Each structure stands twice: as structure tokens, then as C-alpha cells.
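The next block holds one structure in the form of C-alpha cells; read it before the comments.
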Amino acid sequence: MQRYVPRLANGQLVPLSWPLALYRRLNHITWPLEPSASRWAHGLDYLLAICGCLIFVLTNDAELRYLRQKQNNVDQLLTGMPTYLVLVESHLRGLYTVLHWAEQHWLMHQFYADIYIERDREPQIFKEIERQMLPSRLVAIMYLVALSGFLLVPIMCLVYRRQDFLYAMVFPFDTTPLWLFVPLLISNIWVGVIIDSMIFGETNLLGEMMMHLNARYLLLQRDLQLSVDRILAMRQRPHMAHQLRQALTELLRRNVALNHFAERLEKVYNIRVFIIFSFSSGLLCALSFKTYTNPAANYTYGMWFVSKTLELLAFGQLGSNLAHTTDLLSSMYYESKWEQVMYLSTNTCENVRLLKLVVVAIEVNAKPFYVTGLKYFRVSLIAVLKILQAAFSYFTFLTSIR
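Following this line, the structure appears as C-alpha cells:
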């Protein structure tokens, strides 16, 4: 089955960053099919997604049984808590994505066709976007390293002839027969790959959408300044207000189109952002506790803790950058030297029209844009710091009762 390949407006294929290329290859649940795929391909894709959901349910049940069995032992309970929390989080995110594949595909199509900035056309801006995305790329590497710690379990099983699963699990049936153990172990590996690719893949995809959108807003500012400077330099006094009004009209159309895309982006991702932020405090608390109690034996949890922390910080920084840029849009129009143009212009009627248009532009951009989680969480550094503070409070409580 051919997975969706992003294309520019001219039909040219988009060179994906390596985390997104890996995400597209590894995750058949949250990355959509090509729209031209046959009905059989779409049907098979839904069938595979249902099978994956059932595997998640089986894994969920086994991990929950372990937690219930160890509920009187805090240390052993928290051994299985991180994997269970991230399993439930990923299950909810994956299920939501499957139910809204069409919206996800539409958003990706519009992003790469209208918002994505090509390296060849704007090399400096593209370079700056890549620089801002470096922390998210680093997070992807760290998540892969953390996953490798779990994937060592099958190798250790072969070396020491044991029957261990990747995660802390208790099944309601005997798993010692090889015809049961091997498929369950393979399902563990599959779950790990799907979850890991979903975590760093969605973070990088949403991050790129926010940063390219941010760059488009910055291009508005640059183009407005160039237009005003050109009009002032030409100094055609009877036509200056009309020329600026035309330039502002075109820029405002682009501005509104970007605002509409931002609203659609927030609508598509708000539930998933809410899920991510809701589970983060508990997950960080459990990971930090396991790392603190036995750092040598729990290096995988330590790497996971660092990865999650950096993921949230990088994600929050990208959201804050976008909010800061959109917060300056109203000032951008107000400080565009329109008053100089009106002072030099000799056309009173056009001056009035220009002033009304400037007021409209300021009102359209009166509020900064935030990606939110059901209007409860904002993707910003402030929200991330509050999550880290809550996780530290839970961690302090656990260490005090240990």
C-alpha cells in the first residue's frame, strides 16, 4: 500500500526530514494513504488499523493486570506505570487519528501545497526553520535510543534462554508455550515501534507546520515593509494611498488565509495536544522516580525521561515563537508608515479608504494565535513549565512515602 507522499502546489515531491520519513515508513496507523489508493487498499488499511487496535487492547489489559497485582508495592508499581501511561496515551491518539484520517490528510495536503516554504525559494528562511527544529530532531534520536533499550529484551531472551516481555505484563493465560510467547513478543516489538514513531513523528510534523506558518507570517512583514518603502521611494503623490491600499489588500488576503489554516490546524490537533499534555505530568513523575531509585538499572527510563522533557520544552518553544509572531501582526500594520503615505498623498478619498483598511487589518490580528488542547492547554513554554512543576511535585510526594 502506497502511503501518502506530500507534494508542493506544482506536484513536485517534498523532501521529508528524516524523522518524518521514518514516521511515514514505520507508522501505518497515523500516516494516511495516498488519496488515489483503491477502495481495497483503504479497506485493508482500516482492517490493519483494527488489528493494531486489538493488539493495543491486549497489551493494555496485560499491563493493567500487572499494575493491579503490584498495587501494594510502589517501586514495582511504578516499573509498569510509564509504559502503561504512554500506551493509553498513544492508543487514544491513534484511535482519534484513525477516525479523522480525512481531516489529517486535508491538513497535510494544504500545508505542503500552500504553507510549506521551499529551500530553493527562501534559503535563509528555510535554514532558520531547520535550526529551530533541531531540538525536535534531537528528541527523535533520543526516543530511538530509549526504544533500543526495550528491544534488547528479545536478544537477552535468546542469550539467557528466558521468556521475558518488553514491558511489565501479566497475561490471564499461560504464555510459556513458544507458539504463544513468540507472537506476543513480536506484538510487543510492534507496539514499541508504533508508539515511538508516533511520538516523535507527530511532534516533528506539528512542529514543522507551526514553524513554516510562523515563517509565512514573517514573510508578510517583510513584503509589507518592501511595499511601503517602494511606494515612498516612487513618491507618486496622487496615487500613493491607492498603491498602499492595494498592497495592504493583497497582504491582508494572505494574512486571512494563514489565519484560516491556523484555525484548521488547531481544530485538527487540539484533542491530541490535550491528550499529550494531560498524560505528561504523571509520565514524567513515574520516569523520574524509577531513574532516581536505581539509575544504573533503569537507564532506559532515564533516557526516556530526558527525551520527554526535551520534547515538551522544544514543543513549547515552537508554540511560543508562533504566538509571539502573531502577537506582533497588529503592530506590524500599525507601524507600516501608513501615516507618512497619507501625509504625502493628495487624494483625500483614498486616504479615508486606506485608514479604514488599516483599522480592519489591526482588528483581524488583535489576538495572538496559540495551538491549544481543547482550549485548556496552550502550546507554550509557560504551559510546559507548569507541567514540569506538577511532575516534580508528584515526584517529591512519591519519594517522601517510599
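Numbers 395 to 796, taken from my numbering, label the letters of the sequence shown in order. Heads up, the beta-carbon is just placed ideally off N, CA and C, and yes, glycines get one too. Keep in mind the model is a prediction, meaning the values are calculated, not measured.
**Study point:** Within 8 Å, strictly: CB atoms of Ala491 and Ile588
**Key:** Note that residue 491 corresponds to Thr in the displayed sequence, not to Ala. Not a contact, by the Cβ cut-off of 8 Å.
Review point. With 16 as the cutoff for other CB atoms within 10 Å, does Asn608 come out buried or exposed?
Key: For Asn608, the number of other beta carbons within 10 angstroms of its own is at least 16, and it is reported as buried.
Review point. Nearest-angstrom Cα distance between Glu428 and Val399?
Key: 7 Å
Exercise for review: Could you say which of Val482, Asn467 and Asn466 lies nearest to Ala456 if we only look at CA atoms?
Suggested key: Val482
Review point. Exposed or buried, Asp439, counting other C-beta atoms within 10 Å across all chains shown (16 or more means buried)?
Key: buried
Practice item. Identify, in the order they occur along the chain, each residue of the same chain with its Cβ nearer than 6 Å to the Cβ of Gln637, setting aside the five sequence neighbours on each side. Key: Same-chain partners within the cutoff: Ile625.
Point to revise | Beta-carbon proximity check, Leu479 vs Ala680, cutoff 8 Å | key: When the beta-carbon positions are compared, Leu479 and Ala680 come within less than 8 Å of each other.
**Study point:** Selected residue, minimal CA-CA separation from Glu615, among Leu779, Val564, Ile795 and Thr719
**Key:** According to the sequence as given, residue 615 is Gln; it is not Glu. When each option's Cα is compared against that of Gln615, the closest is Thr719.
**Study point:** 7 Å CB neighbourhood of Leu716 in its chain, flanking five on each side removed
**Key:** Met604, Leu607, Asn608 and Phe763
**Study point:** For Thr766, the three-state DSSP class (helix, strand or coil)
**Key:** In the three-state reduction of the DSSP assignment, Thr766 falls in the strand class, which pools E and B.
Review point. Cβ atoms of Ser724 and Ala777: under 8 Å apart, would you say?
Key: Not closer than 8 Å, so no.
Point to revise | Where Tyr701 falls, given that 16 or more other Cβ within 10 Å makes a residue buried | key: Tyr is not the amino acid found at residue 701; the sequence shown has Ser there. Flag for Ser701 reads buried.
Exercise for review: Would you please state the rounded distance, in angstroms, between the beta carbons of Val765 and Val650? I believe it to be under 8 Å.
Suggested key: Between Val650 and Val765 the Cβ distance is about 19 Å, and since that is not below 8 Å, they are no contact.
Practice item. On a CA-only basis, which of Arg418, Asp590 and Thr793 is nearest Thr477? Give me that one, please. Key: Asp590
Practice item. Following the continuous alpha helix (DSSP H) through Met455, name the residue where it begins and the one where it ends. Key: Reading off the sequence shown, one finds Asp at residue 455, where the question assumed Met. Note, Asp455: alpha helix (DSSP H), Arg433 to Gln463.
Practice item. Would you identify the three-state DSSP class for Leu722, choosing helix, strand or coil? Key: coil
Check your understanding: Exposed or buried, what is Tyr561 when buried is set at 16 or more other beta-carbons lying within 10 Å of its beta-carbon?
Key -> buried
Practice item. Taking only the alpha-carbon atoms, compute the straight-line gap between Gly767 and Tyr686 and give it to the nearest angstrom. Key: 31 Å
**Study point:** Classification of Val533 by the beta-carbon crowding that lies within 10 angstroms, buried from 16 upward
**Key:** buried
Check your understanding: Arg487: buried (16+ other C-beta within 10 angstroms of its C-beta) or exposed?
Key -> It counts as buried.
Check your understanding: Hey, out of Phe683, Tyr727, Tyr770 and Lys750, whose CA is closest to Ser794's CA?
Key -> Phe683
Review point. If we call anything under 8 Å between Cβ atoms a contact, is Ser380 one with Arg631?
Key: In the structure displayed, the chain extends from 395 to 796; residue 380 sits before or after that span and is not available.
Check your understanding: What do you get for Tyr586, buried or exposed, if any count of 16 or more other CB atoms within 10 angstroms of its CB means buried?
Key -> The question names Tyr, yet the displayed sequence has Gly at residue 586. By the 10 Å Cβ count, Gly586 comes out buried.
**Study point:** Distance, Leu645 Cα to Gly453 Cα
**Key:** The sequence given here places Thr at residue 453; Gly does not occur at that position. Each residue's Cα considered, the two are about 52 Å apart.
Point to revise | Leu427 - DSSP class collapsed to helix/strand/coil | key: strand
Exercise for review: Please list the segments of the alpha helix (DSSP H) lying wholly inside the stretch 525-571, counting only runs of 4 or more residues, in order along the chain.
Suggested key: Contiguous alpha helix (DSSP H) elements confined to the stretch 525-571 occur at 528-554, taking only those with 4 or more residues.
Exercise for review: State buried or exposed for Met697, treating a residue as buried only when at least 16 other CB atoms are found within 10 Å of its CB.
Suggested key: Buried, because 16 or more other Cβ atoms sit within 10 Å of the Cβ of Met697.
Practice item. Output the distance between the C-alpha atoms of Ser774 and Thr569, rounded to the nearest integer angstrom. Key: 45 Å
Review point. Exposed or buried, Ile593, counting other C-beta atoms within 10 Å across all chains shown (16 or more means buried)?
Key: buried
Review point. With 16 other CB atoms within 10 Å as the buried threshold, where does His654 fall?
Key: exposed
Practice item. Note down the Cα distance separating Gln526 from Leu712, rounded to an integer number of angstroms. Key: 8 Å
Check your understanding: Applying the criterion that 16 or more other CB atoms from any shown protein chain within 10 Å of the CB defines a buried residue, is Gly595 buried or exposed?
Key -> Buried is the call here.
Check your understanding: Would a C-beta distance cut-off of 8 Å place Thr703 and Phe544 closer than the cut-off?
Key -> Between Thr703 and Phe544, the C-beta spacing is not below 8 Å.
Practice item. Could you tell me which uninterrupted alpha helix (DSSP H) segments, each at least 4 residues in length, are contained entirely in the stretch 486-520, listed from first to last along the chain? Key: 495-504
Practice item. Locate the alpha helix (DSSP H) running through Glu657, then write down its first and last residues. Key: Met634 to Thr687
Point to revise | Where Val807 falls, given that 16 or more other Cβ within 10 Å makes a residue buried | key: Residue 807 lies beyond the residue range present for the chain, which begins at 395 and ends at 796; the question has no answer from this structure.
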